[in-house]
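Line by line, the protein sequences are chains S and U.
When the letters of the first sequence are read in order and numbered with numbering that gives the first Met the number 0, they come out as residues 0 to 343.
When the letters of the second sequence are read in order and numbered with numbering that gives the first Met the number 0, they come out as residues 0 to 343.
Glycine included, every Cβ here is placed at the ideal spot set by N, Cα and C.
Structure, as structure tokens:
Number of protein chains: 2
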Amino acid sequence: MPSELRHDPIQKRWVIIATDRSKRPTDFLADHAGLAEGPFCPFCPGHEDKTPPEIAALRANGSAPNTPGWRVRVFPNKFPALMIEGELERKGMGIYDRMRGVGAHEVIVEGPDHKLALADMPLEQLVEVMGTFRARHEDLLRDERFKYVLIFKNHGATAGASLAHSHTQIIATPVTPLAVAVELDSARAHHHHKERCLFCDVIDQEIDDGRRIVYLDDLFIAFTPYASRFPFEIMLAPRQHRHRFTDVDQAEVAGLARALKDVLSRLKKALKDPPYNFMFHTSPNTETTHKRAHYWQSLRFDFHWHVEILPRLTKVAGFEWGTGFYINPTAPEDAARFLKEIEL
Amino acid sequence: MPSELRHDPIQKRWVIIATDRSKRPTDFLADHAGLAEGPFCPFCPGHEDKTPPEIAALRANGSAPNTPGWRVRVFPNKFPALMIEGELERKGMGIYDRMRGVGAHEVIVEGPDHKLALADMPLEQLVEVMGTFRARHEDLLRDERFKYVLIFKNHGATAGASLAHSHTQIIATPVTPLAVAVELDSARAHHHHKERCLFCDVIDQEIDDGRRIVYLDDLFIAFTPYASRFPFEIMLAPRQHRHRFTDVDQAEVAGLARALKDVLSRLKKALKDPPYNFMFHTSPNTETTHKRAHYWQSLRFDFHWHVEILPRLTKVAGFEWGTGFYINPTAPEDAARFLKEIEL
Chain S
0 MPSELRHDPI QKRWVIIATD RSKRPTDFLA DHAGLAEGPF CPFCPGHEDK TPPEIAALRA
60 NGSAPNTPGW RVRVFPNKFP ALMIEGELER KGMGIYDRMR GVGAHEVIVE GPDHKLALAD
120 MPLEQLVEVM GTFRARHEDL LRDERFKYVL IFKNHGATAG ASLAHSHTQI IATPVTPLAV
180 AVELDSARAH HHHKERCLFC DVIDQEIDDG RRIVYLDDLF IAFTPYASRF PFEIMLAPRQ
240 HRHRFTDVDQ AEVAGLARAL KDVLSRLKKA LKDPPYNFMF HTSPNTETTH KRAHYWQSLR
300 FDFHWHVEIL PRLTKVAGFE WGTGFYINPT APEDAARFLK EIEL
Chain U
0 MPSELRHDPI QKRWVIIATD RSKRPTDFLA DHAGLAEGPF CPFCPGHEDK TPPEIAALRA
60 NGSAPNTPGW RVRVFPNKFP ALMIEGELER KGMGIYDRMR GVGAHEVIVE GPDHKLALAD
120 MPLEQLVEVM GTFRARHEDL LRDERFKYVL IFKNHGATAG ASLAHSHTQI IATPVTPLAV
180 AVELDSARAH HHHKERCLFC DVIDQEIDDG RRIVYLDDLF IAFTPYASRF PFEIMLAPRQ
240 HRHRFTDVDQ AEVAGLARAL KDVLSRLKKA LKDPPYNFMF HTSPNTETTH KRAHYWQSLR
300 FDFHWHVEIL PRLTKVAGFE WGTGFYINPT APEDAARFLK EIEL
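So, in structure tokens, the structure goes:
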């Protein structure tokens, strides 16, 4: 069968799916996600003085900040990409534009155990981690300088991690990133024409079709996108329409933890602990930029938050950089089938 | 000094430039560009029967196709991402779109010497290679099914190369890739407002400023873009307005070879043979889609072909995938200075 071009209605991106020689999980000699371990881990309990002072932590009653006894701990990145202080100082430079690198860059250590990966943590711990994601996100949205808050994880050296102790990062940026702007444009145009949420339509079609579903319960769906860029790429989203991540209630926080644990465990078992990234895509910080309630209401259907999970199994080469479209050697229908067949 | 956000007017992309801890060439422990060598190279003279039959070759008088004696040799990729035969068969699948994977995928072996990298080839050989790029590009543009022709190179395993013998690839695709569409949109909007070419304006400003120039002669400029995504990223472009790559005359082919050799040699020496990709960005195949001469004339200023050169020194992690914007630890002004100071 010849290869096939598929178009993603959200990212407006064509992908080449090489269906004739679809690769199985065993074809990917994953760079082991493990990292060369230094002798010292600044994220372990007892080393709290080796990180900047904590912003938040879940603690057993009575333990003091920046001491052991925490279950989840949040602090500023010691080497931040963006600085929390100062104004943006936007400025034109002829044809170019610049502003100061103002933003937030935080680290969330997901648990005290140095060896435990997110996929292997008990469900209750994952629920606390997801709750911490929501709380930090909510807090950062209050800052009017920040247009976007990105929660992301690098697991394994190939995926960009530099420390092995399981952690997630949050970066708040003063501009809406291009990748999110493209998704917003798609979703707005769809809503303008059809008065429906684009993501809800995609989810409906995926449930009707069924071939790409990896996980499904009352609250969440995880599926391999029709035009997946990468082998075993997964989108995880709430089934009910939810504009932004911070709209989730406590039941959905627990549901997210359950779905994420299921999917990460399947990937880990199927692909032998592959390096991966996940990123939360949510709507930009429109509340601080649009004060009119009417306009704001109409925007509630222009996005639907979701998590992208990208195992890093293939190299991104000149073709991908040169075009922004991708050659995927594993059909998403095959990837979903492999993952569903895994026994957890 | 705090980090800085910079906006690229062509790619409409924000980049974080971490100016406070700008990295020098020696800070990048480049994955060596070298590849583990198999015992057998299908690209070497004498092994012509191990590749698909050649499409074109520069040959000494008298040598037959698919035998030794060539200086540059072109043949279809043995494992093509897209197939040359058949119609597109566009089809909607509910909210999704698909078409058959029709296109061309060719390999250009740049010389008979297995060990010689492009940067180290004699200038005359590079002129022949660039002339071959143009000839193949021109030929593929005649096929009305193809909207875009991408010339790209993967040098080194990290950059996606799988064979060490120096070669470039060409892929012709039936759709305009997203990355090019974004650049086209920017350039069209600029021309619509100002009746000038966006790229010409950028080049003018770079020449006036001077701090980011790596190479400059009468015909070509190479500079580190103001909002470089990666350390030591380079844009190489003709100084005179040229809509598409195939518009270049023979003097410009020679000029391109000279500029590319200079820049690749500087990168090789400064960064110890880093892995890199280059990609030719040119306008889509509008001639086959727009028959009206008037409309066509107005489009001659909506693009300006150029080469992107991307050394692969940093890992792309979750932040970049999640947002489409980049953290660059080397200010482009510093990168240009390091490269200019190299003695060739």
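Where do the N-terminal and C-terminal ends of the beta strand (DSSP E) with residue i fall, by residue?
| i | result |
| --- | --- |
| GLN10/U | It is not in any beta strand (DSSP E) - GLN10/U carries neither H nor E in the DSSP assignment. |
| ALA171/U | 166-172 |
| GLY91/S | 90-92 |
Which residues does DSSP list as the beta-bridge partners of residue i?
| i | result |
| --- | --- |
| VAL344/S | Nothing in the structure corresponds to residue 344/S, since chain S is present only between 0 and 343. |
| TRP69/S | ARG58/S |
| ALA221/S | TYR214/S, LEU235/S |
| LYS152/S | PHE277/S |
| ILE107/S | VAL73/S, THR167/S |
| ASP96/S | GLY91/S, HIS6/U |
Between which two residues does the alpha helix (DSSP H) carrying residue i extend?
| i | result |
| --- | --- |
| PRO331/S | 331-340 |
Rounding to the nearest angstrom, what Cα-Cα distance links residue i and residue j in this structure?
| i | j | result |
| --- | --- | --- |
| HIS206/S | HIS191/S | Sequence inspection shows Ile at residue 206/S; the His mentioned does not correspond to that position. The straight-line gap from Cα to Cα measures roughly 24 Å. |
| ILE83/S | ILE169/S | 13 Å |
| GLU332/U | ARG257/U | 23 Å |
| ARG243/U | ASP142/U | 16 Å |
| HIS416/U | ALA250/S | The requested residue 416/U does not occur in the structure, where chain U is confined to residues 0 to 343. |
| GLU88/U | MET98/U | 5 Å |
| GLU123/U | LYS77/S | 51 Å |
| GLY254/S | GLY110/U | 58 Å |
| ARG12/S | PRO176/U | 8 Å |
| ASP216/S | PHE318/S | 38 Å |
| PHE74/U | ASP261/U | 28 Å |
| VAL62/U | LYS49/U | One detail in the question is off: residue 62/U reads as Ser in this sequence, not Val. Taking the straight line from one Cα to the other gives about 18 Å. |
| ASP246/S | GLU232/U | 40 Å |
| ALA334/U | HIS240/S | 47 Å |
| VAL179/S | HIS280/S | 7 Å |
| ALA55/U | ARG133/U | 12 Å |
| PRO173/S | THR131/U | 45 Å |
| VAL106/U | PHE219/U | 26 Å |
| ARG238/S | LYS268/S | 26 Å |
| TYR325/U | ARG5/U | 10 Å |
| GLU340/S | PRO230/S | 16 Å |
| THR167/U | TYR275/U | 12 Å |
| VAL201/U | ILE94/S | 7 Å |
| ASP248/S | VAL128/S | 14 Å |
| PHE302/U | GLU53/S | 50 Å |
| LYS271/U | THR25/S | 35 Å |
| CYS196/S | GLN10/S | 15 Å |
| LEU57/S | GLY68/S | 9 Å |
| PRO283/U | CYS43/S | 53 Å |
| VAL315/S | GLY159/U | 7 Å |
| HIS154/U | ALA226/U | 24 Å |
| LEU162/U | LYS114/U | 11 Å |
| GLU307/S | MET234/S | 5 Å |
| LEU266/U | ASP138/S | 44 Å |
| GLN204/U | TYR214/U | 15 Å |
| GLY85/U | PHE145/U | 12 Å |
| LEU183/S | CYS199/U | 31 Å |
Quick one: what does DSSP say residue i is sitting in, helix, strand or coil?
| i | result |
| --- | --- |
| ASP112/U | coil |
| PHE42/S | coil |
| GLU127/S | helix |
| ALA158/S | helix |
Could you tell me whether any non-hydrogen atom of the ligand GDP is closer than 8 Å to the CB of residue i?
| i | result |
| --- | --- |
| VAL101/S | This structure lacks the ligand GDP, and indeed carries no ligand of any kind. |
With 9 Å as the threshold, decide whether the Cβ of residue i is near any Cβ in chain C.
| i | result |
| --- | --- |
| ALA334/S | The structure shown contains no chain C; the protein chains it does contain are S and U. |
To test your reading of the DSSP string, which unbroken beta strand (DSSP E) runs of 3 or more residues are found completely within the segment 229-315 of chain S?
Taken in chain order, the unbroken stretches of beta strand (DSSP E) that lie wholly in the segment 229-315 of chain S and span 3 residues or more are 233-237, 275-280, 305-310.
Mind listing, in chain order, the continuous alpha helix (DSSP H) runs of no fewer than 4 residues lying wholly within the segment 170-209 of chain U?
177-193, 197-208, all fully within the segment 170-209 of chain U.
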